[in-house]
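Please read the structure below before turning to the comments.
Number of protein chains: 2
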Amino acid sequence: MEWRILATAAELFRTKGYAQSTTRELAGMIGLKKASLYHYVESKEDLLYEISIQSLRQIDGDVAAAIAASAPADALRDLIKAHICSALGNRDHHAVMLSELRSLSEPRRQQIVKARDAYEARVRGVIVAEQAENRLRSDINPKYLTFALLNLLNWTIFWYQPGGALEPEQLGSLLASIFIEGAGAAGAVT
Amino acid sequence: MEWRILATAAELFRTKGYAQSTTRELAGMIGLKKASLYHYVESKEDLLYEISIQSLRQIDGDVAAAIAASAPADALRDLIKAHICSALGNRDHHAVMLSELRSLSEPRRQQIVKARDAYEARVRGVIVAEQAENRLRSDINPKYLTFALLNLLNWTIFWYQPGGALEPEQLGSLLASIFIEGAGAAGAVT
DNA sequence: GTCTATACTTCGATAGAC
DNA sequence: GTCTATCGAAGTATAGAC
Chain L
18 MEWRILATAA ELFRTKGYAQ STTRELAGMI GLKKASLYHY VESKEDLLYE ISIQSLRQID
78 GDVAAAIAAS APADALRDLI KAHICSALGN RDHHAVMLSE LRSLSEPRRQ QIVKARDAYE
138 ARVRGVIVAE QAENRLRSDI NPKYLTFALL NLLNWTIFWY QPGGALEPEQ LGSLLASIFI
198 EGAGAAGAVT
Chain R
18 MEWRILATAA ELFRTKGYAQ STTRELAGMI GLKKASLYHY VESKEDLLYE ISIQSLRQID
78 GDVAAAIAAS APADALRDLI KAHICSALGN RDHHAVMLSE LRSLSEPRRQ QIVKARDAYE
138 ARVRGVIVAE QAENRLRSDI NPKYLTFALL NLLNWTIFWY QPGGALEPEQ LGSLLASIFI
198 EGAGAAGAVT
């Protein structure tokens, strides 16, 4: 039951935003009255916290596994594909984690920020390693390469259409190619 | 006075989110009591609408001017720089427009979506033109190149530090290079 | 475990004095 | 133009019956 509440809350929060979502509406989506929700959940904010922490545990685990199983030369491409597949596979959770952080009150907000930073450090670690192997440009501070990559990846969930032309894995490959090879025509006179 | 209210509201909404911001707090930041605000403003939502529409007018105008003054071969790079400079120069407005759209009620929400789509179409237009001139890869649907570029650009305002190492124009050049040339080491064996 | 009823708080917005 | 006072609505959460 708890899992059902969490999944429904994630869907609701993603669609309407945390602050605009009411416990009454959430209960209604599950087929309960508002008060009955509090038999399972301590507070509305607990739901946001659980959604956020689960989202980060999931993507960090998925990406770590992908890297571990990957040949060094494929690490970055596999990271990108794993990130996209994980984020799109947990779209509601992930979108809520990304956009509703400021609605968490202080002890737990910092906890989510730390988990987010840890994931970011994992991504940066791969980028730094690729630079050391001369597979990524070294003329750009890895900090900016990491930001650029996370921009590219994170915000995809806000426009991706689940029934569209590209499966998550294809989209991941596409984004990996844009990030690594670039959008410029190879050999173009620029 | 109105401009001061709008700028303060944008700053407040960006920091705390629209729904979590109260008119009492906004009034306090200006040095007024809550009721006095309503001498200048009809409703809280009016502020959000004005912030959003101004943000889009600004960036669309800035980018259009940059393209018009640009040699064809530099159009995309100039677009990227203009986008970054405009967005960072109106950081509060732009961030609010990007992240608080769902708090607008229906007649005006669609209006903002339309303005956003129009700007997106402008960006896509340049990308399509660059493909036609063989300066951008044609093996990727321009729709995805546009999404990727806007991901890269739009979400930069959420981590950019105004006093950091890079000025907006430098950051724009950097992001242009990542998007066009890619992050991969030139000639690397991948 | 689910309900009705309600306590408690806070918000956006208004009324009306000055 | 700014204030104090307040209205009416809506929200989270709780009490207590069943």
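Line by line, the protein sequences give chains L and R.
Residue numbers are given in the numbering used here: position 180 of the first sequence equals residue 197, and the series is strictly consecutive.
Residue numbers are given in the numbering used here: position 8 of the second sequence equals residue 25, and the series is strictly consecutive.
Every residue, glycine too, gets a C-beta built ideally from N, C-alpha and C.
Predicted, not measured: the structure shown is a model, and the values here were computed from it.
Going along chain L in order, which residues have a C-beta closer than 7 Å to the C-beta of residue i?
{"i": "residue 198 of chain R", "result": "199, 201"}
{"i": "residue 33 of chain R", "result": "119"}
{"i": "residue 88 of chain R", "result": "Neighbours of residue 88 of chain R on chain L: none; closest Cβ ~12 Å, over 7 Å."}
What in chain R is Cβ-close to residue i, meaning under 7 Å?
{"i": "residue 30 of chain L", "result": "Going along chain R, no residue has its Cβ under 7 Å from residue 30 of chain L, so there is no contact; the nearest lies around 11 Å."}
{"i": "residue 169 of chain L", "result": "165, 168, 169"}
Among all the DSSP beta bridges, which residues are the ones paired with residue i?
{"i": "residue 153 of chain R", "result": "L:201"}
Distance check for residue j and residue i, CA to CA, integer angstroms please.
{"i": "residue 43 of chain L", "j": "residue 51 of chain L", "result": "8 Å"}
{"i": "residue 35 of chain R", "j": "residue 68 of chain R", "result": "11 Å"}
{"i": "residue 89 of chain L", "j": "residue 184 of chain R", "result": "35 Å"}
{"i": "residue 108 of chain R", "j": "residue 49 of chain L", "result": "42 Å"}
{"i": "residue 190 of chain R", "j": "residue 181 of chain L", "result": "32 Å"}
{"i": "residue 97 of chain R", "j": "residue 170 of chain R", "result": "8 Å"}
{"i": "residue 91 of chain R", "j": "residue 132 of chain L", "result": "40 Å"}
{"i": "residue 153 of chain R", "j": "residue 136 of chain R", "result": "20 Å"}
{"i": "residue 46 of chain R", "j": "residue 63 of chain R", "result": "18 Å"}
{"i": "residue 163 of chain R", "j": "residue 55 of chain L", "result": "45 Å"}
{"i": "residue 206 of chain L", "j": "residue 197 of chain R", "result": "For residue 206 of chain L, the predicted structure reports a pLDDT of 44, less than 50, and the residue's modelled location is therefore unreliable. The matter cannot be settled from this model."}
{"i": "residue 146 of chain L", "j": "residue 159 of chain L", "result": "10 Å"}
{"i": "residue 104 of chain R", "j": "residue 174 of chain R", "result": "7 Å"}
{"i": "residue 58 of chain R", "j": "residue 25 of chain R", "result": "13 Å"}
{"i": "residue 161 of chain R", "j": "residue 139 of chain R", "result": "15 Å"}
{"i": "residue 66 of chain R", "j": "residue 115 of chain R", "result": "12 Å"}
{"i": "residue 194 of chain R", "j": "residue 130 of chain L", "result": "29 Å"}
{"i": "residue 212 of chain R", "j": "residue 30 of chain L", "result": "Any property of residue 212 of chain R remains undetermined from this structure, which presents chain R solely from 18 to 207."}
{"i": "residue 93 of chain R", "j": "residue 143 of chain R", "result": "7 Å"}
{"i": "residue 71 of chain L", "j": "residue 121 of chain R", "result": "30 Å"}
{"i": "residue 28 of chain L", "j": "residue 150 of chain R", "result": "43 Å"}
{"i": "residue 167 of chain R", "j": "residue 141 of chain R", "result": "10 Å"}
{"i": "residue 76 of chain L", "j": "residue 100 of chain L", "result": "6 Å"}
{"i": "residue 22 of chain L", "j": "residue 126 of chain L", "result": "21 Å"}
{"i": "residue 188 of chain L", "j": "residue 20 of chain R", "result": "43 Å"}
{"i": "residue 234 of chain L", "j": "residue 40 of chain L", "result": "Examination of residue 234 of chain L is not possible in this model, given that chain L is present from 18 through 207 alone."}
{"i": "residue 53 of chain L", "j": "residue 119 of chain R", "result": "28 Å"}
{"i": "residue 124 of chain R", "j": "residue 80 of chain L", "result": "42 Å"}
{"i": "residue 177 of chain R", "j": "residue 86 of chain L", "result": "34 Å"}
{"i": "residue 18 of chain L", "j": "residue 106 of chain L", "result": "21 Å"}
{"i": "residue 202 of chain R", "j": "residue 33 of chain L", "result": "42 Å"}
{"i": "residue 117 of chain L", "j": "residue 110 of chain L", "result": "10 Å"}
{"i": "residue 157 of chain R", "j": "residue 199 of chain R", "result": "15 Å"}
{"i": "residue 186 of chain R", "j": "residue 172 of chain R", "result": "16 Å"}
{"i": "residue 16 of chain L", "j": "residue 165 of chain R", "result": "Past the boundaries of the shown model lies residue 16 of chain L; chain L is included only from 18 to 207, so the question cannot be answered."}
Using a cut-off of 9 Å between C-beta atoms, extract the partners of residue i located in chain R.
{"i": "residue 72 of chain L", "result": "None at all; the shortest Cβ gap to chain R is about 17 Å."}
In chain L, which residues lie less than 9 Å from residue i when you measure between Cβ atoms?
{"i": "residue 36 of chain R", "result": "34, 35, 36, 37, 120"}
{"i": "residue 161 of chain R", "result": "183, 188, 191, 192, 195"}
{"i": "residue 157 of chain R", "result": "191, 194, 195, 200"}
Could you name the residues of chain R that residue i contacts, counting a contact when the two beta carbons are closer than 8 Å?
{"i": "residue 173 of chain L", "result": "164, 168"}
Can you name the residues of chain L whose CB is closer than 8 Å to the CB of residue i?
{"i": "residue 176 of chain R", "result": "164"}
- Task: Please go through the region 135-184 of chain R and give each complete alpha helix (DSSP H) segment of 4 or more residues, from N-terminal end onward.
- Result: 159-171
- Which runs of the alpha helix (DSSP H) spanning at least 4 residues fall entirely within the region 27-52 of chain R, listed in chain order? 40-47
- Message: Short of 8 Å Cβ to Cβ, which residues in the region 97-130 of chain R face chain L?
- Response: 116, 119, 120
- Any chance you could list the alpha helix (DSSP H) runs of at least 4 consecutive residues sitting entirely within the region 62-127 of chain R, in chain order? 92-106, 108-116
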